[in-house]
Amino acid sequence: MSETELKLSMTPANLDRAGGWLSTRGAVEQGEPLTLLNRYYDTPEGALNAERVALRVRATGSGYIQTLKTRGHLQGAALARQEWEWERPEASLDLALMADTPMADHPALSHLAPVFDTDFQRRVLMLDWSEQGQWARIECALDNGVIRASGQEQPLCELELELVEGDAGILSRVATALTASVPALLNSISKAEQGYHLAGVGASGEAGSGASPQVWLDALCRFWLGDDPAGWEHFLQLHRQLSGSAEAAGAGEAYTQVTAELESAAAQCMSPREALTTMRGLAPLQLALLV
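Under the numbering used here, the residues of the sequence shown are numbered 8 to 298, in order.
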């Protein structure tokens with residue numbers, strides 16, 4: 008099956024604020040919070056990651072789910088990709104289940120080993136949203152925990168808005184309304200990509216050239232992922248080429264505000280992760296440029 012989702016990275020405090028914001032807009036909590044333990048598999052060289060494929064087994068507390076996800080592509084600000092899920096009686100992989108997927112008989116399957124784990128708590132709220140004659144039902148997953156790889160640990164804190172049914176364009180409208188109140192980063196980096204980066208497995212890829220909004224988004228998210236303050240000036244050089252696109256999108260004022268905040272963060276040599284997830288106006292600017 009396919010999934011269409013939009014992801015916002017934020018601080019734990021702002022994740023709680025986002026949950027409150029959703030609740031006041033009619034989102035309904037779906038049961039108790041879940042503890043989800045996930046183990047991702049690949050070859051030692053990262054063959055699956057090189058093809059932007061993620062393979063994991065998730066422990067849900069009531070059973071196990073094996074999941075295969077393929078390379079995604081952006082539809083506006085949302086990410087669409089193929090996904091297959093199978094219930095499992097135990098935590099081990101069953102490669103035979105993938106016989107009807109694009110990964111069937113892939114040579115990498117005979118060389119798989121655990122690469123990294125994610126361990127997080129998930130709250131799920133269901134939101135019905137109507138606007139301008141359009142409607143959508145959205146699953147809102149609030150995830151807070153850690154990624155573990157190679158003896159290291161890194162925080163994981165994000166809100167996923169996944170389309171259940173209805174108009175996919177509503178995802179961006181909900182995100183725009185929410186991030187007007189709650190600072191966040193519209194993030195195209197998946198949990199799997201974060202885990203691979205921490206494990207040091209495979210290439211993380213390079214941003215494209217030019218000054219299009221898509222190239223800017225890719226560079227912004229990879230800057231967040233690398234979390235290297237030495238990269239501020241390089242990113243700002245790309246960002247300053249975006250002024251024309253921002254004006255054309257009617258986001259000139261937001262662009263000016265975000266530029267000032269980026270320059271301030273650079274002057275302080277701030278952690279990109281800290282700066283980009285707490286910067287007011289950044290996610291609304293991202294959404295305005297991509298929708």
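Where is the CB? At the ideal position from N, CA and C, for every residue including glycine.
Does DSSP classify residue i as helix, strand or coil?
| i | result |
| --- | --- |
| LEU255 | Position check: residue 255 holds Ala in this sequence, whereas Leu was assumed. The answer is helix: DSSP assigns ALA255 an H, G or I state. |
| ARG280 | helix |
| LEU269 | helix |
| PRO162 | strand |
| ASP225 | helix |
| GLN141 | strand |
| TRP45 | Per the sequence shown, residue 45 should be read as Asn rather than Trp. If DSSP states are grouped into helix, strand and coil, ASN45 belongs with the strands. |
Within a Cβ cutoff of 6 Å, which residues of the same chain sit near residue i, ignoring the five residues on either side of it in sequence?
| i | result |
| --- | --- |
| ARG144 | ASP135, VAL171, GLU172 and GLY173 |
| ALA272 | ALA282 |
| ALA256 | ALA295 and LEU296 |
| GLU160 | VAL153 |
| LEU232 | ILE196 and HIS204 |
| VAL208 | GLY53 and VAL122 |
Roughly how many whole angstroms lie between the Cα atoms of residue i and residue j?
| i | j | result |
| --- | --- | --- |
| ALA103 | GLY259 | 53 Å |
| ALA206 | LEU43 | 20 Å |
| LEU22 | THR285 | 11 Å |
| ALA115 | TYR47 | 14 Å |
| LEU193 | ALA20 | 17 Å |
| SER300 | HIS118 | Past the boundaries of the shown model lies residue 300; the chain is included only from 8 to 298, so the question cannot be answered. |
| CYS147 | GLN248 | 34 Å |
| HIS113 | ASP107 | 12 Å |
| THR266 | LEU100 | 47 Å |
| PHE123 | ALA57 | 16 Å |
| SER16 | ARG24 | 13 Å |
| GLN264 | GLU240 | 17 Å |
| GLN275 | TRP28 | 31 Å |
| ALA111 | CYS228 | 31 Å |
| ALA191 | SER157 | 28 Å |
Pick out whichever of the options has its Cα sitting closest to the Cα of residue i.
| i | options | result |
| --- | --- | --- |
| GLU200 | LEU29, LEU62 and ALA111 | LEU62 |
| GLU10 | PRO109, ALA175 and GLU165 | ALA175 |
| PHE230 | ALA253, MET277 and GLU97 | MET277 |
| GLY238 | PRO279, ARG95 and THR266 | PRO279 |
| PHE65 | ALA218, PHE127 and ALA111 | A quick correction: the sequence has Arg, not Phe, at residue 65. It is PHE127 whose Cα lies nearest to the Cα of ARG65. |
| SER219 | SER250, VAL189 and GLY202 | SER250 |
| MET105 | TRP93, ALA120 and ALA98 | TRP93 |
| LYS198 | PRO190, ARG180 and GLU167 | GLU167 |
| GLY288 | LEU185, ALA274 and ARG247 | LEU185 |
| ASN151 | GLN141, TRP142, PRO96 and ARG130 | ARG130 |
| PRO236 | GLY140, GLY158 and GLU270 | GLU270 |
| ALA120 | CYS164, LEU55, GLU169 and GLU165 | LEU55 |
| GLU36 | LEU149, SER137 and PRO51 | LEU149 |
For residue i, which residues of its own chain have a beta-carbon under 7 Å away from its beta-carbon, when the five flanking residues on both sides are left out?
| i | result |
| --- | --- |
| GLY68 | LEU41 and THR42 |
| PRO109 | THR77 |
| ALA34 | LEU132, MET133, LEU134 and CYS147 |
Below 8 Å CB to CB, which residues in the same chain sit around residue i once its five sequence neighbours on both sides are set aside?
| i | result |
| --- | --- |
| PRO90 | Looking at the sequence shown, residue 90 is not Pro but Glu. MET8, SER9, GLU10, THR74, LEU75, LYS76 and THR77. |
My understanding is that residue i touches residue j, with C-beta atoms under 8 Å, so please give their C-beta distance in whole angstroms.
| i | j | result |
| --- | --- | --- |
| GLY202 | THR125 | 6 Å |
| LEU13 | LEU178 | 5 Å |
| ALA290 | ALA182 | 7 Å |
| LEU292 | TYR262 | 6 Å |
| ARG95 | TYR71 | 4 Å |
Is the beta carbon of residue i within less than 7 Å of some heavy atom of the ligand PLP?
| i | result |
| --- | --- |
| LYS76 | With respect to small molecules bound, the structure shown includes none, and the ligand PLP cannot be examined in it. |
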